[in-house]
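Chemist: One structure is given below, represented as structure tokens, and several questions about it will come after.
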Amino acid sequence: MELLSLAILSSFFAVANQCAATSPVTSPTTTTTEASVTTTIATSTSTTTVTTTTTVVTAACATCTTAQIGIITGNDGDMTPTSAITTDASGCSVITYTCERTPNVETDIVLITFYSDSQTPTDVGTENGVGTANVVMNCVNGEWVKDGIVINDVECQIIT
């Protein structure tokens, strides 16, 4: 009797396995890889490929160059200032113009005047110092700006 029960039970498992192998899948299986996701439902398969594209966008505040600022010369005491472009914590360009005689004379009165083509009068400010003067401008939307005004030219004058 035990043998007959074992044979019937074995038959039952064989039929159950055959039915399981041919019955439709009721829950999807998902396999994820680095570049694609494949989802299999019943007998249809759909594949979605994900492509990651990295685009480096240069912010308008990082596009300014020294060529955008003209240097005014021809007046008494005019000298060519030095300039240095750096980057602030936000990734935006900052330019510093420095006016001083070489070698530096600590008793010189030094003026840096900055000009804007969009203002009347065009001279919109002056930084001054003894021995050295500096003016700092920020790049905003591709233009050099000082105190909210677009600057087009600088003039460095040393008065002895």
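Quick note, the sequence shown lines up with residues -18 to -1, 1 to 142 if you use mature numbering (1 follows the signal peptide of the UniProt record, and there is no 0).
Beta carbons are placed, not taken as given, at the ideal position from N, Cα and C, and that holds for glycine.
The model shown is predicted, which means the values in this text are computed figures rather than measured ones.
Among Gln139, Thr89, Asp70, Asp135, whose alpha-carbon lies nearest the alpha-carbon of residue 213?
Modeler: Residue coverage of the chain in this structure runs from -18 to 142, which leaves residue 213 outside it and unanswerable.
Chemist: Starting from Ser98, trace the beta strand (DSSP E) both ways and give me its first and last residue.
Modeler: Translated into positions along the sequence shown, residue 98 becomes position 116. No beta strand (DSSP E) contains Ser98, which DSSP labels as neither H nor E.
Chemist: In angstroms, rounded to a whole number, what distance separates the CA positions of Val87 and Ile53?
Modeler: Taking the sequence shown and counting its residues from 1, one reaches residue 87 at position 105. Taking the sequence shown and counting its residues from 1, one reaches residue 53 at position 71. Answer to the nearest angstrom: the Cα atoms are 22 Å apart.
Chemist: Ordered along the chain, which non-local residues of its own chain (more than five positions away) have a Cβ less than 8 Å from that of Val76?
Modeler: As a first step, residue 76 is located in the sequence shown; it is residue number 94 there, counting from the start. Same-chain partners within the cutoff: Ile67, Thr68, Thr69, Asp70, Val118, Met119, Asn120, Cys121.
Chemist: My guess is that Val92 and Gly107 are in contact by the Cβ rule of under 8 Å, so how many angstroms apart are they, rounded?
Modeler: Counting from 1 along the sequence shown, the entry for residue 92 is found at position 110. Counting from 1 along the sequence shown, the entry for residue 107 is found at position 125. Rounded, the Cβ-Cβ distance is 15 Å, inconsistent with contact.
Chemist: What does DSSP give as the partner residues of Ala66 in its beta bridges?
Modeler: As a working mapping, residue 66 is identified with position 84 in the sequence shown. Thr78, per the DSSP bridge assignment.
Chemist: So which of Pro103, Trp126, Ser65, Ala44 has the shortest CA-CA distance to Thr80?
Modeler: Indexing the sequence shown from 1 puts residue 80 at position 98. Per the Cα distances, Ser65.
Chemist: Just confirm the distance between the C-beta atoms of Cys46 and Glu125, as a whole number of angstroms; I'd bet it's less than 8 Å.
Modeler: Numbered from its first residue, the sequence shown carries residue 46 at position 64. Numbered from its first residue, the sequence shown carries residue 125 at position 143. Contact holds; Cβ gap of about 7 Å.
Chemist: What number of angstroms, rounded off, separates the C-alpha of Asn57 from the C-alpha of Asp90?
Modeler: On the sequence shown, position 75 is the one that residue 57 refers to. On the sequence shown, position 108 is the one that residue 90 refers to. Looking at the two C-alpha atoms, the distance is approximately 16 Å.
Chemist: Could you tell me the alpha carbon to alpha carbon distance between Glu109 and Val32, rounded to whole angstroms?
Modeler: On the sequence shown, residue 109 is found 127 positions in, with the first residue counted as 1. On the sequence shown, residue 32 is found 50 positions in, with the first residue counted as 1. Roughly 55 Å separates the two Cα atoms.
Chemist: Tell me whether Cys46 sits in a helix, a strand or coil according to DSSP, three-state version.
Modeler: As a first step, residue 46 is located in the sequence shown; it is residue number 64 there, counting from the start. Here Cys46 sits in coil by DSSP.
Chemist: Taking the straight line between their C-alpha atoms, what separation do you get for Cys43 and Asp129?
Modeler: Against the sequence shown, residue 43 aligns to sequence position 61. Against the sequence shown, residue 129 aligns to sequence position 147. Cα to Cα, Cys43 sits roughly 15 Å from Asp129.
Chemist: Name the one or two DSSP bridge partners that Thr108 has.
Modeler: Counting from one through the sequence shown, the residue named residue 108 turns up at place 126. Looking at the DSSP assignment, Thr108 forms a beta bridge with Thr95.
Chemist: Let's see if you can read the secondary structure: which residues bound the beta strand (DSSP E) around Asn116?
Modeler: By 1-based counting over the sequence shown, the position of residue 116 is 134. Residues 115 to 122.
Chemist: Cutting at 8 Å between CB atoms, please list the residues of its own chain near Thr8, excluding the five before and the five after it.
Modeler: The count along the sequence shown starts at 1 and reaches residue 8 at position 26. Model confidence at Thr8 stands at a pLDDT of 33, short of 50, so the residue's coordinates are unreliable; what they give is reported in the following sentence. Excluding sequence neighbours, Thr8 sits near nothing in its chain.
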